[in-house]
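Undergrad:
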Amino acid sequence: MMSRKMKEADSELELKEAFKVFDKNGDGLISNGELRHVMTSLGEKLSEEEVDDMIKEADNDGDGMVNYNEFVAILTCK
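One point on numbering: in full-length UniProt numbering, the residue at position 45 of the sequence shown is 45, and numbering is uninterrupted.
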């Protein structure tokens, strides 16, 4: 049981760190520009439409950006 809780804590920390990589300005939201920047840094050449589609897929509240909860949901398929 303790081992499972530690793994969950590690996973949560990893998710927070991953979110920070995308959230360049630290406002708690991932914008199209931030997503494009990180993906380009990783060698992924995405069109404007592809970036928009990625944001739309994760954006549950319709604000045009991805918050931490939306980020976690899309990565953990919840």
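From the three backbone atoms N, C-alpha and C, an ideal C-beta is built for every residue, glycine too.
Can you confirm whether Leu13, when its beta carbon is compared against all beta carbons of chain D, has any partner nearer than 8 Å?
TA: In the structure shown, chain D cannot be found, because there is only a single protein chain.
Undergrad: Where does Leu46 fall in DSSP's three states?
TA: In this structure, Leu46 counts as coil in the three-state DSSP scheme.
Undergrad: Could you give the distance in angstroms between the alpha-carbon of Lys45 and the alpha-carbon of His37?
TA: Rounded to whole angstroms, Lys45 to His37 spans 10 Å at the Cα level.
Undergrad: Measure the alpha-carbon distance for Gly28 versus Glu49 and round it to whole angstroms.
TA: Computed Cα separation, rounded: 23 Å.
Undergrad: Would you decide whether Val51 is buried or exposed? Buried here means 16 or more other CB atoms lie within 10 Å of its CB.
TA: When all chains shown are included, Val51 counts as buried.
Undergrad: Out of Val72, Asn67, Asn69 and Asn32, which one is the CA nearest neighbour of Asp53?
TA: Answer by Cα proximity: Asn32.
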